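Notes follow the structure.
Numbering (the numbering used here), first residue to last: 6 to 211.
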């Protein structure tokens with residue numbers, strides 16, 4: 006494997022922090038857009054409700070929709086269309102299909118997953134490293150070779166390497182990642198075992 010220097014590990018850490026912040030922002034923006042869309046739709050529904058009620062009483066002529074109101078309704082509907090498009094784009098940017106996650110990664114949420122290209126692009130912005138090396142670093146972090154990386158995994162690997170304060174090879178990075186994954190499985194298995202023992206003890210007690 007290719008050697009990764011201490012500086013490059015720090016740069017990898019910075020890239021992950023940036024990507025994590027971007028993901029958080031995307032989620033926040035999407036939530037705000039969904040909320041805005043809800044408000045806009047609510048306004049439309051209220052308007053329709055008022056019209057219906059007034060048509061029952063025969064007073065609909067009193068609230069004949071003004072030109073300004075009609076214009077506003079048109080704008081509101083256009084806004085809903087634009088919001089839908091934006092939400093679609095945001096989702097496309099961070100969408101992870103269940104089929105792309107293997108069973109081992111079931112506990113990993115799409116929120117933390119990034120593509121190899123996203124990681125390479127973030128690293129490029131921080132430091133000028135040759136493309137082939139960036140590719141090697143990113144690929145060593147893609148354990149199941151599905152083109153996607155979990156940011157949290159990268160952060161754990163970086164922390165471990167940082168503690169040792171040494172240069173390391175891309176092969177070793179892949180090995181560390183595999184060890185971390187095995188450790189996670191052991192912990193999860195242990196937790197599940199303890200939970201089942203507690204439940205069993207509670208049943209016996211009852």
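Note that CB positions come from ideal geometry on N, CA and C, so glycine has one too.
The structure displayed is predicted, hence computed values, not measured ones.
Just confirm the distance between the C-beta atoms of residue 156 and residue 147, as a whole number of angstroms; I'd bet it's less than 8 Å. Your numbering for residue 156 matches position 151 in the chain shown. Your numbering for residue 147 matches position 142 in the chain shown. In fact, because the Cβ distance is near 12 Å, the residues do not count as touching under 8 Å.
Within 10 angstroms of its Cβ, does residue 184 collect 16 or more other Cβ (buried), or is it exposed? Within the chain shown, the letter at position 179 stands for residue 184. Flag for residue 184 reads exposed.
So, does the region 122-132 touch the region 20-40, judging by three or more C-beta pairs under 8 Å? yes
First and last residue of the alpha helix (DSSP H) that includes residue 30? Start at 1 with the first residue of the chain shown, and residue 30 comes out as number 25. Counting along the chain, the alpha helix (DSSP H) containing residue 30 begins and ends at 11-62.
Nearest to residue 77 by alpha carbon, out of 46, 90, 145 and 14? Along the chain shown, read from residue 1 onward, the residue named residue 77 stands at position 72. Of the listed residues, the one whose Cα sits closest to residue 77 is 46.
Sheet register partners of residue 153 (DSSP bridge): For the purposes of this step, residue 153 is identified with residue 148 of the chain shown, where counting begins at 1. Per DSSP, 120.
Apart from the five residues on each side of it in sequence, which residues of its chain come closer than 6 Å, Cβ to Cβ, to residue 91? In the chain shown, counting from the first residue as 1, residue 91 sits at position 86. Excluding positions up to five away in sequence, the list reads 38.
Do residue 158 and residue 182 have their C-beta atoms closer together than 8 Å? On the chain shown, residue 158 is found 153 positions in, with the first residue counted as 1. On the chain shown, residue 182 is found 177 positions in, with the first residue counted as 1. Cβ atoms of residue 158 and residue 182: closer than 8 Å.
Is residue 163 closer than 8 Å to residue 14 when the C-beta atoms are compared? Here residue 14 refers to the residue found at position 9 when the chain shown is read from its first residue. Here residue 163 refers to the residue found at position 158 when the chain shown is read from its first residue. Against a cut-off of 8 Å, the Cβ pair of residue 163 and residue 14 comes out as a contact.
Residue 94 and residue 121 look like a contact to me (Cβ under 8 Å); what is the Cβ gap, rounded to whole Å? The count along the chain shown starts at 1 and reaches residue 94 at position 89. The count along the chain shown starts at 1 and reaches residue 121 at position 116. At roughly 21 Å, the Cβ-Cβ gap does not stay under 8 Å, so residue 94 and residue 121 are not in contact.
Considering Cα atoms alone, identify which of 141, 58, 192 and 87 is closest to residue 42. The sequence position of residue 42 within the chain shown is 37, counting from 1. Considering only alpha carbons, the answer is 87.
Cβ of residue 175 within 8 Å of Cβ of residue 12? Taking the chain shown and counting its residues from 1, one reaches residue 175 at position 170. Taking the chain shown and counting its residues from 1, one reaches residue 12 at position 7. Contact flag unset, no.
Of the choices 61, 44 and 177, whose alpha-carbon is the least far from that of residue 81? Here residue 81 refers to the residue found at position 76 when the chain shown is read from its first residue. For the residues 61, 44 and 177, the minimum Cα distance to residue 81 belongs to 44.
Same chain, Cβ closer than 7 Å to residue 152, five either side skipped, listed in chain order: Here residue 152 corresponds to residue number 147 of the chain shown, with the count starting at 1. Excluding residues within five positions, the ones whose Cβ falls inside 7 Å are 120 and 121.
Using a Cβ-Cβ cutoff of less than 6 Å, which residues in the same chain neighbour residue 23 once the five nearest sequence positions on both sides are dropped? Along the chain shown, read from residue 1 onward, the residue named residue 23 stands at position 18. Cβ neighbours of residue 23 beyond the five flanking positions: 127.
With distances taken between CB atoms, is the gap from residue 142 to residue 17 smaller than 8 Å? For the purposes of this step, residue 142 is identified with residue 137 of the chain shown, where counting begins at 1. For the purposes of this step, residue 17 is identified with residue 12 of the chain shown, where counting begins at 1. In this structure, residue 17 lies closer than 8 Å to residue 142 by Cβ.
When the distance is taken between beta carbons, is residue 21 closer than 8 Å to residue 160? Indexing the chain shown from 1 puts residue 160 at position 155. Indexing the chain shown from 1 puts residue 21 at position 16. In contact: residue 160 and residue 21 (Cβ atoms closer than 8 Å).
Residue 79 versus residue 62 - alpha carbon distance: Taking the chain shown and counting its residues from 1, one reaches residue 79 at position 74. Taking the chain shown and counting its residues from 1, one reaches residue 62 at position 57. When rounded, the distance between both Cα atoms is 26 Å.
How big is the Cα-Cα spacing for residue 210 and residue 204? Here the question's residue 210 lines up with position 205 in the chain shown. Here the question's residue 204 lines up with position 199 in the chain shown. So the two alpha carbons sit approximately 10 Å from each other.
Pairwise C-alpha distance: residue 186 and residue 197: Walking along the chain shown from the start, residue 197 turns up at place 192. Walking along the chain shown from the start, residue 186 turns up at place 181. Approximately 16 Å between the Cα atoms of the pair.
Assign residue 199 to buried or exposed, taking buried as 16 or more other Cβ atoms, counted over all protein chains shown, within 10 Å of its Cβ. Residue mapping note: residue 199 aligns to position 194 of the chain shown, counting from 1. Looking at its Cβ environment, which holds fewer than 16 other Cβ atoms inside 10 Å, residue 199 is exposed.
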